[in-house]
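Following: one structure in structure tokens, then a few remarks.
In full-length UniProt numbering, the protein residues as written are 1 to 729.
Encoded structure:
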């Protein structure tokens, strides 16, 4: 056996793969300059065959890898090909390939291109005489001197290793250890056999007892069989009786269940009637309070009017008594006037004659008095002046005085005439102003009457609008109370549905609605997405109460799937839910992805296609037939089993017992009082009522705003009219 070829790759200074061949069977010499890799070639052979490079640490393995100017080598290997024509290695091949591969985290051996553990390689080499612990075949510097000076025991050990007997010595030691273990086990087996023999003797004694026991046991079992047979017959008889009673109980149970259902429906109706009655009572109380306030206001007005009527009655009564007194006095005065007129007629001629006589006497008296004054004046002038010149001077003086007086009187007369003329003009002007003011006064009186009339009409309209406003307020309070009551009922229904369907599913429904509201606010193309979302399956169909259980069992969890026109819409909604990090679970049912085949239903009076009993919109036909199209509603479980085998369709009874097309039977008791469809129907009714009331409330608020505007306008007009009236007054 000798080395035929050595292949080195990535080891120390050998970066690229280097193949060294051929080798001579006897002697080979490696020569070269310093640094050409002679030592590394020797280390490569030693790396595979000796024990010097075993148990390498990571940094030692890293040091064996080639390091140069290029990128670091990840792995390295050294492969030695032996000529095994002499079969020194116990392998039936003429060539044996031994390779060792190392990396930063690995160290592996390959024998004939198959990975083997290091221990197998060590045993193989030692069987051929290669000792890892004392590699005599690798002679280093000073090794021969060391062997020559070594003691005999070490040289004997080396010879044994060269001869390859170390492996057999180790196997001998292992065989001796195995023999010792075998001897120990043999002693234990002998003890165990002895114990078994003792046990067999005991079992022989027990065997006799067992035979006697079996005899008596046979008799006991015979008696027990007779007793059990009698008890079985009694039990069968009782069972038949109980089955008969159970059948009766089933009938009674169905009757009681129908009565319970009717009672629950009546209780729901009574509860609804009670809520309506409470709402009516609340509205009546509000109306009563409003009417009480109106009544108090009317009583106040009535009291004022009563007092006014009483005052007016007293005034009228006083006026009537005054009128009677005045009439009596008038009669008396008229009688007195007639009497006095008669006397006047008698006295009037005498009065006229005496008046004429008086006038004549007064005239004569004035003449006599004038003459007397002239005579006295003449007598006074005669004694006053001593001469004619004095008299003439006095006369001239008196004449000048009289002329001056006459002139003053004339000026005064002219001035008075001018004042009279001016006063006449002023009188005419004032009379014109009086006429204008009289006309204006009359006009203002007419305006005051007109303003009073307008004020009365406006007040009347204001009272009407206020009465209308109060009525609208009462209706608004009633509707708000009804809305709050309906919303409470809707919240209760949602809570019940949440407990039945699961919190995550209804949270998902709420999340989808929030996303749709966001799309509506964005508008534009998002409105098309909103229009192509049709809601959950449970919201899109109606059915009779009698088949609700069957429909609910058939749909199962798909009852809360969300129907959309296409998968793109579902993707958009789901993307927005993830963007907003909204809670809940959402399962979409895109119509464009559903595949529904035409089904030929059996013509039987005992089986009806479930989809034919559902009411839904035509554009949802594909989704409804996908869920309910493969199910028939049958009269009872026996008919369902038969038809399911014949038609290969799922069948279900009204009570919810289901027979699948593959023959599986499922069912049980389903509590109709907590039906999801019934609760959803109740929710739909409540939502429609809430929407109707909200529309009505919006209309009422609009009307109320209009009435409020009219009242404010009338109040403003009343204030303007009152201001104009005050101005006119």
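No residue lacks a Cβ here, since even glycine has one placed at the ideal position from N, Cα and C.
When 196, 282, 514, 647 are compared against residue 578, the one with the closest alpha-carbon: Counted from its first residue, the chain shown places residue 578 at position 578. Out of 196, 282, 514, 647, the CA that lies nearest to the CA of residue 578 is found in 514.
Nearest-angstrom Cβ-Cβ length linking residue 649 and residue 630, presumed shorter than 8 Å: In the chain shown, counting from the first residue as 1, residue 649 sits at position 649. In the chain shown, counting from the first residue as 1, residue 630 sits at position 630. That pair is a contact at about 6 Å.
C-alpha distance - residue 547 paired with residue 538, whole-angstrom precision: Locating residue 547 in the chain shown gives position 547, where the first residue counts as 1. Locating residue 538 in the chain shown gives position 538, where the first residue counts as 1. C-alpha separation (whole angstroms): 14 Å.
Own chain, CB closer than 7 Å to residue 530, minus 5 neighbours either side, in chain order: Here residue 530 corresponds to residue number 530 of the chain shown, with the count starting at 1. Within the same chain, Cβ atoms closer than 7 Å to the Cβ of residue 530 are found at 516, 519, 520, the five residues on either side in sequence being excluded.
Simplified DSSP assignment, three categories, for residue 217: Against the chain shown, residue 217 aligns to sequence position 217. Here residue 217 carries a helix assignment [DSSP, helix/strand/coil].
DSSP beta-bridge partners of residue 485: Taking the first residue of the chain shown as 1, we reach residue 485 at position 485. For residue 485, which the question treats as bridged, DSSP gives no partner whatsoever.
Start-to-end residues for the alpha helix (DSSP H) that takes in residue 108: On the chain shown, residue 108 is found 108 positions in, with the first residue counted as 1. Careful: residue 108 lies outside any alpha helix (DSSP H), inside the beta strand (DSSP E) at 107-111.
From 664, 331, 199, 713, residue whose alpha carbon lies closest to that of residue 466: The residue labelled residue 466 in the question sits at position 466 within the chain shown. When each option's Cα is compared against that of residue 466, the closest is 713.
Whole-Å CB distance - residue 12 paired with residue 43, under 8 Å assumed: Start at 1 with the first residue of the chain shown, and residue 12 comes out as number 12. Start at 1 with the first residue of the chain shown, and residue 43 comes out as number 43. About 7 Å separates the two Cβ atoms, so the contact holds.
In DSSP terms, what residue 535 is bridged to: The sequence position of residue 535 within the chain shown is 535, counting from 1. Residue 535 is bridged to 563.
Nearest candidate by alpha-carbon position, reference residue 554, set 326, 660, 705: In the chain shown, counting from the first residue as 1, residue 554 sits at position 554. Per the Cα distances, 660.
heavy atom of the ligand FAD below 8 Å from residue 316 C-beta: In terms of ligand content, the structure shown is empty, and the ligand FAD therefore cannot be addressed.
Rounded C-alpha distance that separates residue 333 from residue 348: As a working note, residue 333 is residue 333 in the chain shown. As a working note, residue 348 is residue 348 in the chain shown. Straight across, the Cα-Cα distance linking residue 333 with residue 348 is about 21 Å.
Any alpha helix (DSSP H) of 4 or more consecutive residues that is wholly inside the region 558-631: Considered as a whole, the region 558-631 harbours 567-580, 621-628 as its complete alpha helix (DSSP H) runs of no fewer than 4 residues, in chain order.
Alpha-carbon to alpha-carbon, residue 107 and residue 54: For this step, residue 54 is matched to residue 54 along the chain shown. For this step, residue 107 is matched to residue 107 along the chain shown. Their Cα atoms are separated by approximately 9 Å.
Cβ-based burial, residue 562 [other Cβ within 10 Å; buried from 16]: Within the chain shown, the letter at position 562 stands for residue 562. With 16 or more other CB atoms across the displayed protein chains lying within 10 angstroms of its CB, residue 562 is buried.
For residue 544, the nearest candidate out of 511, 613, 588 (CA to CA): On the chain shown, residue 544 is found 544 positions in, with the first residue counted as 1. Measuring from the Cα of residue 544, the nearest candidate turns out to be 613.
Pair within 9 Å by beta-carbon distance, residue 482 and residue 683: Working through the chain shown from its first residue, we reach residue 482 at position 482. Working through the chain shown from its first residue, we reach residue 683 at position 683. Here residue 482 is not near residue 683, since their CB atoms are 9 Å or more apart.
Residues that DSSP places opposite residue 14 in a beta bridge: Counting from one through the chain shown, the residue named residue 14 turns up at place 14. Beta bridge pairing from DSSP links residue 14 with 11.
Paired residues, beta bridge with residue 2 - DSSP: For the purposes of this step, residue 2 is taken as residue 2 along the chain shown, with counting starting at 1. DSSP output for residue 2 lists 83 as bridge partner(s).
Residue 673 in three-state terms, based on DSSP: By 1-based counting over the chain shown, the position of residue 673 is 673. The pLDDT assigned to residue 673 is 49, lower than 50, so where the model puts this residue is not dependable; a value taken from the coordinates is nonetheless given after this. Residue 673 falls in the helix class under three-state DSSP.
Three CB pairs or more closer than 8 Å across the region 78-91 and the region 33-41: Contact between the region 78-91 and the region 33-41 is absent, with fewer than three C-beta pairs closer than 8 Å.
Same chain only: Cβ atoms within 7 Å of residue 461, ignoring 5 sequence neighbours per side: Position 461 of the chain shown holds residue 461. Shown here for residue 461: same chain residues with a beta carbon closer than 7 Å to its own, the five before and five after excluded, namely 714 in chain order.
Under the three-state DSSP convention, the category residue 655 falls into: Taking the first residue of the chain shown as position 1, residue 655 is located at position 655. Under the three-state reduction of DSSP output, residue 655 falls in the coil class, being neither helix nor strand.
Pair within 9 Å by beta-carbon distance, residue 6 and residue 81: For the purposes of this step, residue 6 is identified with residue 6 of the chain shown, where counting begins at 1. For the purposes of this step, residue 81 is identified with residue 81 of the chain shown, where counting begins at 1. Residue 6 is a Cβ neighbour of residue 81, given a cutoff of 9 Å.
Sub-9 Å separation of residue 586 and residue 511 beta-carbons: In the chain shown, residue 586 corresponds to position 586, counting from 1. In the chain shown, residue 511 corresponds to position 511, counting from 1. Contact: yes.
In DSSP terms, what residue 75 is bridged to: Reading the chain shown from its first residue, position 75 is the one you call residue 75. DSSP, once it has assigned bridges, lists 103 as partnering residue 75.
Neighbourhood of residue 275 by C-beta, 7 Å cutoff - its chain only, sequence neighbours within 5 removed: In the chain shown, residue 275 corresponds to position 275, counting from 1. Take residue 275, set aside five residues on each side of it, and the residues of its chain with a beta-carbon closer than 7 Å to its own are 485, in chain order.
Exposed unless 16 or more other CB atoms sit within 10 angstroms - verdict on residue 9: In the chain shown, counting from the first residue as 1, residue 9 sits at position 9. Residue 9 comes out buried.
Reference residue 62; option with closest CA among 102, 558, 97, 170: Stepping through the chain shown from its first residue, residue 62 is reached at position 62. Of the residues 102, 558, 97, 170, the one whose Cα lies closest to the Cα of residue 62 is 102.
Assumed close pair residue 447, residue 728 - CB separation to whole angstroms, cut-off 8 Å: The residue given as residue 447 occupies position 447 in the chain shown. The residue given as residue 728 occupies position 728 in the chain shown. The C-beta separation of residue 447 from residue 728 comes to about 5 Å, placing the pair in contact by the 8 Å criterion.
Cut-off 8 Å between Cβ atoms - residues of its own chain near residue 675, not counting five sequence neighbours on either side: Translated into positions along the chain shown, residue 675 becomes position 675. So the list reads 548, 549, 552, once near-sequence residues are dropped.
Of the listed residues 97, 128, 581, 130, nearest to residue 115 (C-alpha basis): In the chain shown, the residue the question calls residue 115 occupies position 115. The shortest Cα separation from residue 115 among 97, 128, 581, 130 belongs to 97.
Residue 392 to residue 399 span [Cα, whole Å]: Locating residue 392 in the chain shown gives position 392, counting from the first residue. Locating residue 399 in the chain shown gives position 399, counting from the first residue. Approximately 10 Å between the Cα atoms of the pair.
Cβ neighbour criterion (16 or more within 10 Å) applied to residue 267: For the purposes of this step, residue 267 is taken as residue 267 along the chain shown, with counting starting at 1. Residue environment: residue 267 is assigned as exposed (fewer than 16 neighbouring CB atoms within 10 Å of its CB, all protein chains considered).
Collapsed DSSP secondary structure at residue 91 in the structure displayed: Stepping through the chain shown from its first residue, residue 91 is reached at position 91. Here residue 91 sits in coil by DSSP.
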